[in-house]
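Some notes on the structure that comes next.
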Amino acid sequence: MNVKRLTAGIMVALTALFGFTVSALAEGRLGVPKDKGIWLQEAANTQASRVVDFNELLLWIITVIAAFVFILMFYVMIRYNAKANPEPSKTSHNTLIEIIWTVVPIGVLVVIGFWSIPLLYFQDVVPKTEFAVRVTGNQWNWTYNYPDHDGIEFTAAVVPKSAFADAAERAEYEAGLSKFLGRDAKLNARLLDTDYRMVVPVNTKVKVMLTASDVIHSWAVPSLGVKLDAVPGRLNETWFEADEVGTYYGQCSELCGKDHAYMPIAVEVVSKDEFAKWVERAKAEYADAGTTALGR
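For the sequence shown, numbering that gives the first Met the number 0 assigns the number 0 to the initial residue and increments by one for each residue that follows.
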C-alpha cells in the first residue's frame, strides 16, 4: 500500500513539473527570449514548429522512461530489501523480460527515427530559394553579404551595454539603426541587439551560406529554427522562411573566444515592399563597401 501511495505521489509531481514547463512555452515576445525562461522560444516558422514538436515528443518519451526507472528502483528497494525478502532470489535469467527489454528500446528508437529523420532531411536539404545571404563569422561579429543584390555587405556587432545605460549613446545607435533600416527603429534587447541587422522579406525562402574568417562559430536563431556551424575554409548551407514580420534574435552557439557571449544575431523580417526599398538604399551605400559599426 505504501508503494502505491509513493508511486502515485511521484506521478503527480512529474505531471505538475511537466505541466509547469509547458505553460512557459507561450510566454514572451516572438523572436525574443523570455527573461528567466525555461522553455524553447515561440516558433516563428515551420522549421521551428517542427523542432518544438519533436522536442515535446522526446520530452514525453524521456519522462515516461525516467518515471518507469525511478518507480521500478523504489519498488525494488522497498519490496526486495533484506528485511522484506530475507531469502534472496537465485534467478539467473528470464526469457520474457529479456525479450521485452530488447524489443521496447528498439520500438522507442523506431518512433524517434520516424519523426527525426524527416525533420533532419527537411532542415538539411536546401529547397529552391529566392536569394542567398553569405554570413561570415568573425571574432566577434557577423559579416552579411547579399551576392544576389549587387554585393551589399555590412558587419553587425553587438550594441554595448553602455548604450542601454546612457541615453545619448542609445539615441546615437538608434539613429544609426533607423538610417540603416529606413524607418524608425528602437533597441529592444540588451546584449542581443546589433548595430546593423540582417534584413530579409517575410514569406520568402532565404538561403544562408555560412563560413568563418578565424575560428569556428555557429549561427543560431532559435525562433526561426536555424542553427549551423560557420567553419573557416568551408561553406555550409541552410535556409529559413519567416512567417511574420518582426525582429528575431540569436547568438553564436559555438565557444569562439573571450567575447563569445557578445556575438549576437539580429534578423529583421520586413514586408516584401519594404525589403525592395531597403535593397535600393543599401545598394547605394553598402554595396561592396563592408560597412562596420555605424561607419565609425
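Every residue, glycine too, gets a C-beta built ideally from N, C-alpha and C.
Residue i, DSSP secondary structure in three states
i	result
residue 38	coil
residue 219	strand
residue 227	strand
residue 94	helix
residue 237	strand
residue 22	With a pLDDT of only 38 at residue 22, under the threshold of 50, the placement of this residue in the model should not be trusted; the figure read from the coordinates follows. Looking at residue 22 - three-state DSSP - the assignment turns out to be helix.
residue 101	helix
residue 79	coil
residue 45	helix
residue 275	helix
residue 51	helix
residue 68	helix
residue 188	coil
residue 31	coil
residue 257	coil
residue 178	helix
residue 282	helix
Spatial distance of residue i from residue j (CA atoms)
i	j	result
residue 175	residue 197	14 Å
residue 30	residue 182	20 Å
residue 123	residue 91	47 Å
residue 131	residue 149	12 Å
residue 76	residue 228	46 Å
residue 88	residue 53	42 Å
residue 115	residue 163	41 Å
residue 261	residue 49	29 Å
residue 117	residue 269	30 Å
residue 264	residue 136	11 Å
residue 44	residue 66	33 Å
residue 189	residue 144	25 Å
residue 127	residue 140	28 Å
residue 212	residue 235	13 Å
residue 259	residue 138	8 Å
residue 46	residue 220	11 Å
residue 22	residue 41	At residue 22 the pLDDT is 38, less than 50, meaning the model places this residue with poor confidence; the figure from the coordinates comes in the next sentence. Using only the alpha carbons, I get a separation of about 12 Å.
residue 284	residue 177	14 Å
residue 280	residue 193	19 Å
Bridge partner(s) assigned by DSSP for residue i
i	result
residue 267	198, 246
residue 211	136, 231
residue 110	Its beta-bridge partners do not exist; DSSP assigns none.
residue 193	157
residue 206	131, 238
Continuous beta strand (DSSP E) assignments of at least 3 residues falling wholly in the region 116 to 168: Taken in chain order, the unbroken stretches of beta strand (DSSP E) that lie wholly in the region 116 to 168 and span 3 residues or more are 130 to 137, 140 to 145, 151 to 155.
Count Cβ pairs between the region 190 to 210 and the region 97 to 113 that sit closer than 8 Å; are there 3 or more? No contact exists between the region 190 to 210 and the region 97 to 113.
For the pair the region 204 to 222 and the region 246 to 263, tell me if three or more CB-CB distances fall below 8 Å. They touch, by the three-pair rule.
Say whether the region 227 to 246 touches the region 202 to 209, bearing in mind that this needs 3 or more beta-carbon pairs closer than 8 Å, one atom from each stretch. Contact between the region 227 to 246 and the region 202 to 209 is present, because at least three Cβ pairs lie under 8 Å.
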